[in-house]
Amino acid sequence: MTPQTFEKAEAPVSLDLLAELARDPQLRQEWRGERSPELGKLFDDAFLLIGGLKHASAWEIETLLDELGCHRRSREELESLEAPDLEHCIAFLEWLTDLERETPDVDVTCELLRTASRMYARLRRDVGERESLISCELIVNAPLGQAGDRDLTPLDLIRIGEVGPAFQFAATMAKGKLGDDARQLADENPFSRLSLVHVRPSIMDAILRFDVDSPTLSSERIARLAEHIDGCDACRREYEAHVGPAEPPLQVRCTPLAPLSR
Ligand SMILES: [Zn+2]
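Final position of the sequence shown in the working numbering is 262; the numbers increase by one with none missing.
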């Protein structure tokens, strides 16, 4: 099972309409001028969240809207944008914002926004608008449920930058066809399901090669990975199988290069 399990994101119409207003200041001003203060306030809240995601991802606005799965809509269609639509957009954008705040760096943020939008789109198709968002929130916070994982959740994997595996695990806990497909795939491929190692081999290798000038991983991500590997039996065993005993602990080795706080 790979992150490519999710097709390109398809935003709901409400987010398409919000995107039209986000990309055109003139249109925004006109639309805003003709709406009630309450609707205007909801729009402002949604617009701020889009600005926050643009800043966090360092993407141009068009790239961000494209990754969120937005399509162009006509001026006339904007007439239909009402409070419940904006409230739904806000809930979705807040979910992304909450996740984004947990990432160790911009690269991971971009991968997160892309993957999370795709999973949300897929769930929407399977289980409907409202249910999909509730599901998304629940499954990224649900324990992975594998022996030895204690309370590790997909969100914990996002914190160490393992976005692909995080959403692969999340998908196996989803309702509807997405969950059924992911569980079937996991059953057919024992390696994806039974692996208790949370850090991909390619990332283990990148840590081994780590030095101050490493272009591959940010120092914050290295620090979080070191902390995880030191504290996780499965990942430490995997690391030691690569290079021998993890002594001194990885955190000690990496700390002078990478402060643990963000
Ligand atoms: Zn681990």
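Glycine included, C-beta positions come from ideal geometry on N, C-alpha and C.
Nearest-angstrom Cα separation, counted from residue j out to residue i
i: D107; j: S57; result: 8 Å
i: A182; j: E129; result: 20 Å
i: L217; j: A186; result: 28 Å
i: R124; j: S36; result: 30 Å
i: D233; j: E247; result: 14 Å
i: V212; j: P12; result: With a pLDDT of 44 at V212, under the threshold of 50, the predicted position of this residue should be treated as unreliable, though the coordinate-derived value follows. About 43 Å.
i: E220; j: C110; result: 16 Å
i: A116; j: E34; result: 34 Å
i: E79; j: Q26; result: 16 Å
i: L81; j: K175; result: 29 Å
i: I160; j: N189; result: 24 Å
i: D126; j: R118; result: 13 Å
i: P245; j: G145; result: 28 Å
i: E266; j: E77; result: This structure leaves residue 266 out entirely; the chain is present only between 1 and 262.
i: E131; j: T172; result: 17 Å
i: R75; j: T63; result: 21 Å
i: H55; j: D24; result: 18 Å
Rounded distance between the beta-carbons of residue j and residue i, thought under 8 Å
i: D85; j: L17; result: 7 Å
i: A170; j: V140; result: 5 Å
i: E240; j: R200; result: At roughly 17 Å, the Cβ-Cβ gap does not stay under 8 Å, so E240 and R200 are not in contact.
i: L112; j: I158; result: 6 Å
Own chain residues within Cβ distance below 7 Å of residue i, not counting five before or after
i: R32; result: G40 and F43
i: A46; result: L18, L86, C89, I90 and L93
i: W95; result: L133, C136 and E137
i: T97; result: L49, G52 and L53
i: H242; result: M204 and L208
i: D180; result: none
i: C235; result: V197, H198, V199, H228 and I229
Cβ shell of residue i (< 8 Å), same chain only, five flanking positions each side left out
i: Q251; result: A223, A226, E227, D230 and L260
i: A22; result: R28, F47, I50, I61 and L65
i: A83; result: E38, L39 and L42
i: L155; result: L99, E102, V140, N141 and A166
i: E7; result: R118, A121 and R122
Assigned exposure category for residue i - 16 Cβ within 10 Å defines buried
i: L178; result: buried
i: L53; result: buried
i: L270; result: The requested residue 270 does not occur in the structure, where the chain is confined to residues 1 to 262.
i: E20; result: buried
i: R237; result: exposed
i: Q168; result: buried
i: P104; result: buried
i: S14; result: buried
Close beta carbons around residue i, own chain, < 6 Å, minus the five adjacent residues each side
i: D151; result: P143
i: E10; result: G69 and A121
i: H71; result: D16
Identify every run of the alpha helix (DSSP H) within the segment 144–191, keeping only runs that are complete inside it and at least 4 residues long; order them along the chain.
As far as the segment 144–191 is concerned, its whole alpha helix (DSSP H) runs of at least 4 residues are 154–159, 163–172 and 176–188.
Curious, which full-length alpha helix (DSSP H) runs of at least 4 residues does the segment 24–64 contain?
If only uninterrupted alpha helix (DSSP H) runs of at least 4 residues are considered, those enclosed by the segment 24–64 are 25–33 and 37–57.
Counting only runs that start and end within the segment 79–157, where is the beta strand (DSSP E) found for 3 or more residues in a row?
Counting only unbroken stretches of 3 or more residues, no beta strand (DSSP E) element lies wholly within the segment 79–157.
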